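Step one of this worksheet: look at the structure below.
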Amino acid sequence: MSTKRVRSSSKKSTVKKKTTKNSNKKLTSKKEVEKEKKKEISEESLIVIENIDFYANQILKGFINGNPTIEIPIRGKSNVEYDEERGIIKVLDKSKVSERSFQNIAHTKKFMQYIMVLNFCKKLLKTNSTSDLRDLYYSLKRKIPGTRNKTFDSQEESNPIIEDIEVAMDIWRERLHISADPKGYIVGDIIFTQKLKNKDQRIDCNEMGTGWGIPSNVERDILEIENVNAKYLLAIESAGMYSRLVEENFHENNKCILIALKGQASRGTRRLINRIAYEKNIPVYVFVDGDPWGFYIYSVLKFGSMSLSFIGSKLATPKAKFIGMTMEDISDYKLEDSTHPLSKVDIKRIDDLLDLPWFQNDEWQTELKLMKKIQKRIEQQALASRSLDFVATTYLPEKIKNKKFLP
Amino acid sequence: MAQVEVITKDVIIDVLTNNWLTKPELFKKLPPIREQSTVKVINDYLDTLTQKGIVTKKIIKGRICFGIFKEKGNEPHLKQTKLDQIMPKDRQIKKTESRVKIGKTVYTKTVPKTKVTKSNKKTSNKIKKSVDNTQLKTKKEKGTPKTDSIEKKDNIKKESIKKKETPAKSDLKNRPDQKPNLPIKSKSKSESKSKAATDIKSDQGAESHPKSKETQKPEFKEKTELSNIIEKEKIKVSHKYKRRKINKSGILPTREYVMSKKEEVGTDRAYQQLSPAEFFKKNKAIAGFDNDQKAVYTTIRELVENSIDAAEAIEKPPDIFIKMESLPNNRYKITIRDNGSGVPDEEIPKCFGILLYGSKYIRKQGRGAFGFGGKMAILYGQISTLEPVEIKSSTNGKEIYYYKMRIDIKNNEPIIEEYKVIPNSDNWTGTEISFKFKGDYPRVRKKVLEYLNKTAIITPHAEIEYIEPIDERCEKCRSDRVETLGDVIYCKKCSNKFIHNININDNFTLKKIFQNKIGGIDKDLFNKIKLDLSDILDAEIDKLSNLREIYNKIEDIYGSPIGITKDNLINKIFKLILKGIKNFTIISKKYKNISEIDVTTKKEIIELIENINNLFKYVGGKSFPITSLTPANIKTKLEHEKKFLTRAKNFDAFLLDIISGLGKKTLKKVEDEYGENLKIDIFEAESKIDMNKLYKILYKNLTSGLINIKDLTFEQFKQLIEEVKKEKIKYISKLKDGVLEYIRKDAFLSQKEPYKFINNSVEKCPYCNSSDIIQIGDWRQCQVSSCKHNYLNIYRHIYRRGTTELPPNPTASLPHPHGIDADTLLEMIKAELSEFYITYEPIGNYSMQKLLRKNIKGIGKETLNKIEELTPESLEKDADKFRNVNQLYKAIEKAVGHPIGKVEGKKTVYNINNLKFEEFKEIINNELSNNTNLDSILKKLFSRLRVKILNEIKKELDIQIDQQIPSNIDLEKLYKLLLKKLPKTNSINVKELTLEKLKQLIENVKKDKHEEFRKASPNFYSFMNKRFQRTGKKTINNFCEFARQNSTLKLYPETLLMDLDKDAIVKITDLLQKFPFMRPDASCLAPIGEQLLLKGIMKEMNPEWASTVQRPPEVCEGHPFIIEMGLAYGGKIDSSGDYLQRFANRIPLLYESSMGVCATAIKKINWRHYKLDLDKMPIHIFIHIVSTKIPWGRFGKEYIANKPEIRSEIEKGIKYLAGQLRTYLSKIRKKESIKKKVFKLKIFGRALIEPLAELVEADPSIIVRIIYNYIISKRPKKEKSKNLYKNFSNFFDDLSLFDKLDLEYLKLLVKEKSKNPFKNFLNFFDNFNYINLLIKLKINDQDVDQKS
C-alpha cells in the first residue's frame, strides 16, 4: 500500500509541475497580446476601463465582505422631473440609488448578468472593437453548467443592463464600444466627416441617393458636421412617408433636411437631430401619425425619455415643433374617411399622456382631449387619399408657411 | 302407444332362445340400450312382433315388458326376479324406498279416521300449539307437519301411544299394494337421499315394512325399554336435522310440499301476508340494489361489513378474502371468507335464510343494525340467477359445516339443498359465503376499490385481500373496444396500451377443449355439457383430477358409448342382431315350426350368428380414429379383412372403412402425398405399400382436424389435456417475453422512469416470496436473480393491516331518554311489567290454615285437623282462592262442636279495632256502672291487654295505680291510647264467627295481596332508573316536578307503572324530550381512536404529513356521537378529485359526497386563513362519525343530515387540524425557500466565477474560493456543518478549477479544526492568496485594515 501511495504522489507532483509551467506560459503569452492591444487603446477608453475596474473591485469586495451589491441610480417616474426652463426631462437626484444585491434572489441573475456584460465591455475596450446589443446578447448567452438555466433568456434582459451600466458609470454606451442598432436615414444638403478606425470619410447626404443611414454613435469624436445648407429639419415618423417625400424631391424643393425616424427614434438619430439643431441652429419640425404613439415619439424627441433622463440634455431637442398630424387636420383636409377608431389601449395611452408634466399646456391638452372625444386616429399616409403628392405640394408647405405648429 | 322403457338383453334372449336360436350364450354380454333411436326401432319392431303374436306384452309391476313366456303359470315369479336383475341399481333403491313412503303417506292421511288416533289428535294438537309457539318465528315444518307433531308426542308419551299406534299402522300398511298409482316418484326423489328421510325411515324402522311388521310386533312389546332409549336418541337426532330439513328437489317444489303448504296457508288468496323476503324482493332499491352496478357494490359492501363485524366480535384482527369471478351473461360469483366467530351449525340456515333474523338487535354501535344486508345480497343473487348460496362455517375449528341452500321467498325461510360436515384441517374458524349474482362490475369497479381502500383506512387492523373478476376490457377506461396486437392490447377508445393475461385461465379450460378440440358437439349437447360439468368446466386445466371420472361423465352426457370401447362395438353388434331378427321375421312368415325350415335358411341363420361371433373377436370394430391405430394394427386388420372377405375389395375402400374421419377428399390428399394410387387389390396391398410411411401421412392429415366426440377415447382425452397444458406453459412464457418487451418499449417511448418501487415489503413475489419487487404499471417484476418472474397484479388488491391492535369494543348501553319515542317507551313499559309479572312472588303466606289460626281464636291444631278432614279442599290453599266458603264454615262449626256466630248478645270481649268510639263509650259506661275497677273492666273487655300496657295507659291518663275508680276519665283519650297500644289483630273468637265475617276475612286477604302486589310492582322511578341511562333519583324527582308544572299529568316517582295509560305515556315521551337530562354516556361508542386512524391513513394514503383528532362525545337527538377527524397532506395524495373522505360507524360513505354536514362544514371554514387551498393542494380530509344512531340524510345511508351539533364539532376539528397543517407547511416553506435561495446562489455563483475572474484579472481559483466562501456563509446552519466537505468537493469538481493540492490541504484543515471550518477556510485563504489579491485589486491599506 505504501509503495502505491508514494507512486501516486510522485505522479501527482509531476503533473502539477507541468500544469503550472503551462499556465505560466499561457499567461505570459496572453499578457503580451494584451500589451500589444493596449498600445492602440485610446486614453478615453482607458479611463472607462479604469472605471470598470473600480466597479469590479467593489463587487469583489462585496463578495469578500459577504454582501455583494451594485448601486444603480434610480430613473423611474419618482426620480424624474420636467425642467420647464430647459424644456427637457431631468433627473431629480442623481445620488438616489437602488441597490442590487446578489443575496436577493430576485436580483441574483441580474447581478451575474451585470458582471458578464461588464466583462464583455472591458474586453471590447481592451481590443478596441465595437459590438452592438444583439452581438452582446448572443456572445454572452450560454447554458449554465449543471442546470437548465441560461445566462440570458432574451435580448430584453441584456439591453437594460447596458443602460444600467451607462447610468451607473455615467458613460455613453458608445464609449463602452457598444453601439445601438443603426436606425433612421438622413437626406438633404448636409455634409459629415466620419472618423473610422483607419481613416476619415466625407459623407455628403445629398449624394447618398435616398439617404444615409444614421450610425448609432454620432458623437463628435466620430462624426463631425461640416456644412449644412437648409432652412429647417423635418423628422418623419414612417419610412414610407420619408421615401415618398424623397421621391417628390421635397428636400431639394424646400431646402430642408429630411430624417426618417422609423418609429421610435434611436439614440443616434436623436443625438444627431440635437446636434444639428443646436450646432447649426436650424429649426426642427416633427411630422408623425396623429395617434398617441406618434405624439409620444414626438415627446421623446423633444423632451427626452425617462430611462435616459441622465443624459437628457444631449438627446432632447426642446426647440422641435409638432407639425402633424393633428385632429384639426381631419376636418381641415377632409380626411374623415381615412381615419381609424381608437382601441382601448390607445385611450389608455392618451390618459397617460394627459398626465405627463410636459404636456400640461393648453394646446396639447385640447388636442389630446379632442382625440379622446372623437375617438379617431389618423396616419400620415392618410394624406395620400387626397392625392399622392398632396403632402409634398400642399400640406407641409402650407403648414410651415402658416406656422401651424403645436408646441 | 306403449313405450318400452328398457329393453334388456334378456328380452331379446327370450325372443331368440325360446323360439328359434340355439346359441343363447352369445348374447349374455349385451348391455342395456340407451340410445333413443335403437329403442324406437326396437319398440316398433316389438309392436309388430306382438301384433303377429310372436311376442307377448305384459305389464309387470307397472312396467311394460315384452317377452316370450314359456308357461303362463310360472310367469310372475320368474319375471319378477328377472326384473330385479335387469333393473339398474339406483332404480331398485328407489323402488324399495317408495314402499316406505307409501306406508307413511297412507298413515298420515288416515290418522283422523281411527279411534285411537283421536286421543292422539288432541294431544298432538296441544303439542302442535306449543310447537307453533316456539317455532313460529324460526321455522315452519315442511312436508309433513302432522307426522312431526306425532313424533314429538312419541317423544313425550313414549310407550303407551306406541302400543296403540302399531296396530293402527299395521292395519293401514297392509294395503300398500292396492295403491300402486300413488304419486310416489316425485316425493321419493325429493327426499330419497336426505338424512331426514332416512332418519324417519329408521325411526319407524323395521315395522314399516309390511312383511317384517307382523313378525316383529310381538317382539316389540318385550323390547320396549331398550328400544325406547334408542328411539329417544333417534328422535333427538331427527329433530336436529329436521331443523335443516334438506330439500333436494331444487327450485321447483314437490307436490307434497305444495299440498302441505296448501293446508297451512289455506286457499283464500285475497288476503295474504307479505313475507319480509318477498317485500325486499319487490323493493330492491331500499336495500341498495337499484341496478346492476349498485348491486355489485352493495353486495361487496354488505358482506365485507358483516365479515369485519364477525371478526371484531371475537376480538380478532379481521382477515378477509374476497374473490369475484366473472361468469357469462354479466353474472358474477362472489366468495367471501373471514376469520370471524363463525355461525353455529343449527343457526346457519336461519341466519342466512331468514330475513330480519340475527344477532345484531342490541343497542350499541355497530356497522349494520338489522342484519339483512348480507341476506339481501344472497336473496338478490338468488333472484337474479336462481342459484343457491353455499355457506361454510366453523365455530370451533374442528369441523366445517357446509350448507347449500336457497331462501324460500314466499315464506321467508331457508330451503336446504345440501348439508355436509367437512373436516377442518387448518383449524379455521369463520364463515365463507359464496353465491352468484347479476351485476355490472366494470362500471362500478372504481367505487368498489375506493370502498375497500377507505375501509382499509377506517379499519387499519383488518387485512383485506380482494381478487377482481377478470374481463376483457380496457383497464383504464373500461371500454370493450379493445384490439389485441400480439401480446399488447390496444384500447381504441382511450388509445391506452396494456397487457392482459386474462385469457390464461380462460383459454386453458375444459370448456375450451370442448369448443376447440373436439368435434361433433352440437348446441344441445354443449348445453348439456355446460349443465352437467359446470363445476369443472371453467376450472384450470392443471387442477383437474380424476380424468377417468370426467371421461365417464362425458360418455354419460353423450348418451351412448364413445371412443372404440368394447361397449361401442357391442352396440354395433347388436344392430347386426337386429338385422338378424328382421331376417327371422321373414322366415317366421314362411314357416310356423322349426321343423318346417329348410336347410338353406337354417344355414343362413347359423352363418349370421357366426358372423356376429366373429365380430366379437374382431376387436377393432369397424372404423377407428387414426390415433388408436398403429401400422401393425392396420396390418392385422388387413389380414382379418382378407379372412372374412365376402366380396372383392380395394385397399382404399378398406382404409375408408377402417379409419373414421377419413373421407374421400382426405384420401386423395394422402394419395397425392404418398405418391401412389391406393386403389390396389387388398391382397396385394401388403407387399406393395409401405405401411409406416402411409401411416405417417394418414396420421398427419387426420390428427390436424378435430376429433369427433364419438371417437374420443380416454387415451385421447388424456392426451388432449396434456397438450393444452403444454400450450398453457408456452403461452405463459411467451407472455412473459411480451411483458419484458412491453416494459422496454414503454420505458423507451415515454422516457419516464419505468420502474416504480413498491412500498417497503408490502407485496411479495408469489414465486419466491421475496419482497424485492419492482412495479411497472400493473406488472410486477421480481428482482431476485434466481426468480425474475414477471406477474400481473391488476386483479389482486391487498390491503395490509397496519396494526394488530383492535379498537375497544363498545359496550351495550341503556338508551338515553332523549332519543325515545312513544312506541318504544310503551314497549319498554310492557317489557318491564311483563318481567315483573313473571318474576313476582308474593311475600306473605295466605293459606286458609294460617287465616283461621291467626284471625280466629279458639281454633287449635286439633280443630284444624278436623276441619281439614271435613272440607273437600285443602286448607293449605290460598285463602282467596277458596271456593266453598259455606262448606268451610259448616266444617268449622262441626269441628268446634257447637254452633257458632250466634252468641252476639253475650259478647264480652271486644276488639278495639272493630269498635267505634261511640260504641266504646257505651260499653265502658255500661261496665263502669257495674264495676268500679278500671283495671278489671279493661282486662275483661280487651283480652290482649297486658299489665304493662295497662300501666303505661294509666300513666298517661294520670291515674294512680291504687286509685280504683277514677273520677273523670277522658274516654276519648283512653280510646285513642288503646287503639295505639293494643296489638292490632282482627282475631275473632270462634264463637262470634259468622259466615259473613269469614267471608270478610277472606276479602281482607285478597285486599292485602293486591296491595302487596301493587307495592312490589315497578314505579316510575324504578323503571326509569333501570331502563335508561342518566336517570338518578334526583333527576327523576326533578323530572316529575317538571312534568307536573308543564302538564296536567300528575307524575310522581312513586307513580305505579301499571297506572299509566296511553295518554300519559305519550305525554311523558314529549316531556322526556324537553327535560334537560345529562349528556348520554359514550361508552357504547367505538371510535377507532386517533392512533389507529392515523395508522390507517398512513398505511393507505401514504401522505407526507397527517394528523388526527378525536373530539369529545356530544349529543344529537338523544344519541351520543363522537367525531374523529384526520387531515393528510402531500405524499401520494393527489390534489385532483375528491378531497373529502367520510365514514360513519366505520363504514365508508361513497356517494353524495357534496351533500350533508361534512361538505357544509368544510365550506364554512375560511381556508385562506390557514393558507390552504383544497382544490389545488394535495389535501385529504377524513371525517368519521360514530354514534348509536347516525342521523342519515335520506334513506340509503349516503350522507349525514345537516345537524348543527355535528357541524360545529366537525368545524372545530377541522380548524384544529388545519392549524397544525399550517404550522407544518410554514416550516416546510421556510426550508424550501432557503434551499431555493442557496441553489440559485450556487448556480449563478458558478456562472459568475469565470467572467468575474476575467474582469478583475485574478486567478479563477481565488475567485472560486471567494464565492464558495460567500455561498457557504448563506447556507442554512445545519447543512453547513454536516455536508461541508461533500458540497465543497462537489462544487469544485464541477468546475475543475481547483487544483488537487489545495483541495487536499483544505481537507486537512477541515479535519483539524472541524469546529469552525469556515474560519479555517478563511485563514487558509488569507495566508496564501489574500494579500496578493488585495495588491492586485489596488485596494487601499485602510480597507485592508478594516478587513482584518
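Listed in order, the protein sequences are those of chains A and B.
Residue numbering for the first sequence follows the working numbering, beginning at 1 and increasing consecutively.
Residue numbering for the second sequence follows the working numbering, beginning at 408 and increasing consecutively.
Ideal Cβ positions, reconstructed from N, Cα and C, are used throughout, including at glycine.
None of the values given here were measured: they were computed from a predicted structure.
Pairing K376 of chain A with W293 of chain A, the inter-Cα distance amounts to about 13 Å.
For A56 of chain A, at least one C-beta of chain B is nearer than 8 Å to its own C-beta. At least one CB atom of chain A sits nearer than 8 Å to the CB of V1663 of chain B. Per DSSP, K1583 of chain B lies in no beta strand (DSSP E) segment and is marked neither H nor E.
For G304 of chain A, the closest C-alpha among the options A:R220, A:G87, A:N206 and A:K110 is that of A:G87. Per DSSP, A1535 of chain B is one residue of the beta strand (DSSP E) stretching across H1526 to Y1536. With its beta carbon less than 8 Å from one in chain B, M112 of chain A belongs to the interface. Taking 7 Å as the Cβ-Cβ cut-off, the stretch 856 to 875 of chain B has no residue approaching chain A. The criterion of a C-beta distance shorter than 8 Å is satisfied by K1571 of chain B and E1618 of chain B.
Ranked by Cα distance from S216 of chain A, the options A:D189, A:D132, A:S385 and A:I171 are led by A:D132.
For the set A:I222, A:F287, A:Q194 and A:T69, the Cα lying nearest the Cα of K321 of chain A is the one of A:F287. DSSP places R850 of chain B within a helical segment (H, G or I) once states are collapsed to three.
Look at the beta carbons and you see the stretch 1576 to 1584 of chain B not touching the stretch 1507 to 1520 of chain B: under three pairs across the two are nearer than 8 Å. Proximity of the stretch 1410 to 1421 of chain B to the stretch 1279 to 1297 of chain B meets the contact definition, three or more beta-carbon pairs being nearer than 8 Å.
Residues of the stretch 210 to 221 of chain A with a C-beta less than 9 Å from any C-beta of chain B: none at all.
Contacts with chain A at 8 Å (Cβ-Cβ) include Y1677 of chain B. With the rule of 3 Cβ pairs closer than 8 Å, the stretch 311 to 321 of chain A does not count as touching the stretch 347 to 363 of chain A.
Your pair P725 of chain B and S714 of chain B checks out as a contact, with CB atoms roughly 6 Å apart and the cut at 8 Å. For E99 of chain A, there is no enclosing alpha helix (DSSP H); the enclosing beta strand (DSSP E) has its first and last residue at V97 to S101. When DSSP states are grouped into helix, strand and coil, L734 of chain B belongs to the strand group. Between the stretch 184 to 199 of chain A and the stretch 55 to 69 of chain A, the count of C-beta pairs closer than 8 Å stays below three; the two stretches do not touch. Within chain A, the residues whose beta carbon sits less than 9 Å from that of I1673 of chain B are L60, F63 and I64, listed in sequence order.
With a cutoff of 8 Å on beta-carbon distance, N1291 of chain B and E1275 of chain B are scored as not near each other. The same chain holds no residue with a CB closer than 6 Å to that of S1193 of chain B once the five nearest residues on each side in sequence are set aside.
Below 8 Å, too few C-beta pairs join the stretch 1643 to 1659 of chain B and the stretch 1541 to 1550 of chain B to call them touching: fewer than three. For K1644 of chain B, a Cβ of chain A is located within less than 8 Å of the residue's own Cβ. Under a 10 Å Cβ-count criterion, I1250 of chain B is classified as exposed, with fewer than 16 other Cβ atoms of the shown protein chains found around its own Cβ.
Sequence-ordered contacts of the stretch 813 to 842 of chain B with chain A are nonexistent [C-beta pairs closer than 9 Å]. The three-state reading of DSSP puts T1442 of chain B in helix, counting H, G and I together. The CB of T108 of chain A comes closer than 7 Å to the CB of K1647, L1648 and F1651 in chain B, given here in chain order.
In the structure shown, R813 of chain B adopts extended strand secondary structure according to DSSP, grouped into three states. Under the 8 Å criterion on CB atoms, I374 of chain A is classed as non-interfacial with respect to chain B.
Taking the CA atoms as reference points, V117 of chain A sits about 18 Å from F63 of chain A. For Q375 of chain A, the secondary structure class from DSSP, reduced to helix, strand or coil, is coil.
Taking a contact as a CB-CB distance under 8 Å, the pair D939 of chain B and K960 of chain B counts as one, their CB atoms being some 6 Å apart.
With fewer than 16 other Cβ atoms inside 10 Å of its own Cβ, S1094 of chain B counts as exposed.
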